[in-house]
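For the sequence shown, my numbering gives the first residue as 333, with consecutive numbering after it. Quick reminder that beta carbons are idealized off the backbone N, C-alpha and C, glycines included.
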Amino acid sequence: MQRWIGVFFLFLFLTGTSAEAAMTDDQKFGLLEAEANHDFNMGGDKLDFATHSPENFQWREMNEAVHDFDATEMFSSFTLRWIGYEPVNRDKMEIRLYSAMLNPNRVAVAADYARLCGRVWKTELSFGTQSDTLDFGEVVAGDDSSGEMIVTRYSIFRRGDELLVIRTTFEAQSFTSYNNAIASFVGSVTFDQPLGRDPITDALVSHTIAIPDGKPLAFRLPASWEQPNGNMQGSLNNTTAQIYVDTSDPGRNLGILIVSTVAPNIDGLDAKSTGSDSYLPQKLEKASEGVAQVMFENLMPKVTVSLDMLSQGAVDDLGVVTLADKRYQFKASLKNQGKEAGVSVLLTIGAQSTVIATSSVSPYPVSLHDIGTGMHGTFVDFVVQQDITKYWQDVAATLKQ
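What follows is the structure in structure tokens.
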């Protein structure tokens with residue numbers, strides 16, 4: 333039996349769109365385990381599991397195809413397997429269990445599947461997201477269109493090329509009556525069989541890029557991500573760069589630039605661009621825009637691009653092994669084409685003022701298909717960020733020797 337520990341969002345939900353009092357992180361992300369008392373056949377060995385079912389719950393096996401996500405092309409199948417509820421209080425809380433088979437060319441991060449469920453099933457008031465790995469993620473969302481706040485917690489387990497989706501819906505005003513039951517149901521999930529090999533991560537292809545004054549960086553991409561003709565791969569003035577596009581997407585809407593150089597080679601940065609530099613935030617923002625423009629100049633050389641920054645933030649795991657790091661999200665206006673795109677830039681500065689950066693592009697999320705395409709781009713960003721983090725961790729360990 334394989335144990336999964338679910339993470340529970342312990343919010344004080346009331347009627348309305350906000351909580352009456354602020355919750356601490358310990359309250360939001362509490363953990364509860366209980367003895368499993370119910371087995372669930374999910375249509376395949378990978379997803380069959382046992383957990384602690386709420387007291388007095390009645391379960392109905394459904395096995396009904398769901399087509400709500402067809403336009404995303406994220407899944408080859410999506411099936412409602414079980415509905416559970418307390419017969420005398422069905423309007424207070426209900427749990428639905430789904431299985432899904434993934435499209436291997438459009439895999440996403442687990443929490444993004446949860447966000448997609450919230451969007452498609454019209455629960456778009458976000459109360460929190462938890463995403464620690466590629467394989468598990470949760471979103472708590474709400475809908476008050478009926479005049480009463482109905483809250484849904486989406487818990488996603490990825491097991492290879494299959495998903496378990498737990499959709500728990502409850503009245504906000506009844507939350508305190510059911511919080512322990514919900515936490516125990518997700519927190520006690522135990523799969524019947526160990527996963528073994530993961531066909532999604534096993535299929536990733538390893539690449540390398542030279543790093544100035546350092547060992548090469550190894551990074552992984554899906555097999556369908558290839559270097560286009562006329563790729564800028566090469567080395568010039570202590571700068572190396574490679575560009576890849578997703579050839580499985582007919583429109584070639586996804587691409588990523590990986591570049592390494594030394595800080596003075598990037599407009600706005602210099603050898604003093606470290607965490608102690610009071611002007612670092614402005615320097616990094618300017619540099620991130622420059623990295624994005626380099627990507628567009630090579631992917632779309634005839635297109636004029638303007639960038640509007642949407643958000644920025646440090647990357648937790650990188651902060652302890654780099655001199656500086658930031659992740660930036662931009663909205664790009666492709667003026668010659670009258671289109672918009674989403675851009676994500678990761679900028680890291682490590683030992684000897686060495687810079688490793690990435691810039692990725694995806695369609696701006698308008699249609700469900702665009703949303704699915706962008707979700708796969710985020711998956712690629714996540715995997716490459718993992719590899720860059722490992723690189724800087726290895727560098728830091730070597731410097732300590």
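Can you find the residues in the same chain that come closer than 8 Å, C-beta to C-beta, to residue i, ignoring five residues on each side of it along the sequence?
{"i": "GLN669", "result": "VAL635"}
{"i": "GLN733", "result": "none"}
{"i": "GLY645", "result": "LYS658, ARG659"}
{"i": "LYS424", "result": "GLU418, PHE502, GLU503, SER506, SER509, TYR510"}
{"i": "VAL653", "result": "GLY682, THR721, TRP724, GLN725, VAL727, ALA728"}
{"i": "ALA513", "result": "PRO386, GLU387, MET425"}
{"i": "GLN390", "result": "GLY416, TYR417, GLU418, PRO419"}
Skipping 5 residues on each side, what residues in its chain have a beta carbon closer than 7 Å to that of residue i?
{"i": "MET433", "result": "PHE407, SER408, SER409, ASP493, GLU494"}
{"i": "ASP475", "result": "LYS454, THR455, LEU457, ILE482"}
{"i": "GLY338", "result": "Its pLDDT being 34, under 50, GLY338 is placed unreliably in this model, and the value from its coordinates should be taken loosely. The residues are SER487, VAL518, GLY519, VAL521."}
{"i": "GLY651", "result": "ASP657"}
{"i": "ALA673", "result": "ALA664, LEU666, VAL693, SER694, PRO695, TYR696"}
{"i": "HIS384", "result": "ALA366, GLU367, ALA368, ASN369, SER516, PHE517, SER520"}
{"i": "VAL441", "result": "SER463, LEU466, GLY469, THR710, PHE711, PHE714"}
{"i": "THR730", "result": "none"}
{"i": "ARG552", "result": "LEU536, VAL537, SER538, VAL715, ASP719"}
Would you mind sorting residue i into buried or exposed? The rule is 16 or more other CB atoms within 10 Å of its CB.
{"i": "ASP648", "result": "exposed"}
{"i": "LEU655", "result": "buried"}
{"i": "GLY706", "result": "buried"}
{"i": "ARG422", "result": "exposed"}
{"i": "LEU364", "result": "buried"}
{"i": "GLY528", "result": "exposed"}
{"i": "THR501", "result": "buried"}
{"i": "GLU621", "result": "buried"}
{"i": "ASN388", "result": "exposed"}
{"i": "LEU534", "result": "Looking at the sequence itself, residue 534 is Asp, so the reference to Leu does not match. Exposed, because fewer than 16 other Cβ atoms sit within 10 Å of the Cβ of ASP534."}
{"i": "PRO386", "result": "buried"}
{"i": "LEU496", "result": "buried"}
{"i": "VAL420", "result": "exposed"}
{"i": "LEU379", "result": "buried"}
{"i": "ARG428", "result": "buried"}
{"i": "LEU601", "result": "buried"}
{"i": "LEU616", "result": "buried"}
{"i": "ASN569", "result": "exposed"}
{"i": "ASN395", "result": "exposed"}
{"i": "ARG413", "result": "buried"}
{"i": "ARG584", "result": "exposed"}
Only counting the same chain, and skipping five residues up and downstream in sequence, which positions put a Cβ closer than 6 Å to that of residue i?
{"i": "PHE525", "result": "The amino acid occupying residue 525 in the given sequence is Gln; Phe does not appear at that position. If we look at GLN525 and ignore the five residues flanking it on each side, its Cβ neighbours are ASP377."}
{"i": "TYR723", "result": "LEU549"}
{"i": "VAL677", "result": "SER620, VAL623, ALA624, TYR660, SER691"}
{"i": "ILE703", "result": "PRO697"}
{"i": "THR461", "result": "ALA443, VAL471"}
{"i": "SER638", "result": "SER665"}
{"i": "ASP530", "result": "GLY492"}
{"i": "SER580", "result": "ASN437, SER556"}
{"i": "VAL675", "result": "ALA624, PHE662, ALA664, VAL693"}
Nearest by alpha-carbon distance to residue i: which of the options is it?
{"i": "VAL594", "options": "PHE459, ARG529, ILE681", "result": "ILE681"}
{"i": "PRO560", "options": "LEU589, ILE541, ALA535", "result": "LEU589"}
{"i": "ALA397", "options": "SER431, SER538, GLY583, SER463", "result": "SER431"}
{"i": "ALA728", "options": "ILE703, ALA683, ILE688, SER694", "result": "ALA683"}
{"i": "ALA382", "options": "ASP371, GLY375, GLN390", "result": "ASP371"}
{"i": "SER478", "options": "GLU503, ALA535, GLY704, LEU642", "result": "GLU503"}
{"i": "VAL687", "options": "PRO531, ILE541, ALA368", "result": "ILE541"}
{"i": "GLN614", "options": "MET641, VAL591, ASN630, SER592", "result": "MET641"}
{"i": "PRO554", "options": "ALA513, ASN437, TYR611", "result": "ASN437"}
{"i": "GLY587", "options": "TYR611, LEU612, SER556", "result": "SER556"}
{"i": "PRO582", "options": "ARG491, SER643, GLU405, ARG485", "result": "GLU405"}
{"i": "SER463", "options": "ARG490, GLU480, ARG451", "result": "ARG490"}
{"i": "LEU536", "options": "VAL439, ASN373, GLU393, TRP414", "result": "VAL439"}
{"i": "VAL591", "options": "THR730, ALA689, GLU393", "result": "ALA689"}
{"i": "VAL452", "options": "LEU679, ASN435, THR484", "result": "THR484"}
{"i": "THR411", "options": "ASN373, ARG584, TYR611", "result": "ASN373"}
{"i": "ASN435", "options": "TYR611, VAL675, LEU612, ILE532", "result": "ILE532"}
{"i": "PHE523", "options": "HIS708, GLY375, LEU679, VAL675", "result": "GLY375"}
{"i": "ILE498", "options": "TYR611, GLY450, LEU679", "result": "GLY450"}
Inset, instruction - Mind the definition here: the segment 696-709 touches the segment 622-634 only if three or more C-beta pairs lie below 8 Å; say whether that holds. - result: no
Inset, instruction - Check whether the segment 536-552 touches the segment 394-406, taking contact to mean three or more Cβ pairs, one atom from each stretch, closer than 8 Å. - result: no
Inset, instruction - Would you check if the segment 431-450 and the segment 464-479 touch, i.e. whether three or more CB-CB distances between them fall below 8 Å? - result: yes
Legend entry - Contact the segment 709-717 vs the segment 576-588: 3+ CB pairs below 8 Å: yes
Legend entry - Meets three-Cβ-pair contact criterion under 8 Å: the segment 713-730 and the segment 614-626: no
Inset, instruction - Please go through the segment 378-462 and give each complete alpha helix (DSSP H) segment of 4 or more residues, from N-terminal end onward. - result: 442-452
Inset, instruction - Jot down the residue ranges of each uninterrupted alpha helix (DSSP H) in the segment 573-650, minimum 4 residues, whole runs only, in chain order. - result: 612-631
Legend entry - Any beta strand (DSSP E) of 3 or more consecutive residues that is wholly inside the segment 659-689: 671-681
Legend entry - Runs of alpha helix (DSSP H) wholly within the segment 515-542 (minimum 4 residues, chain order): 531-534
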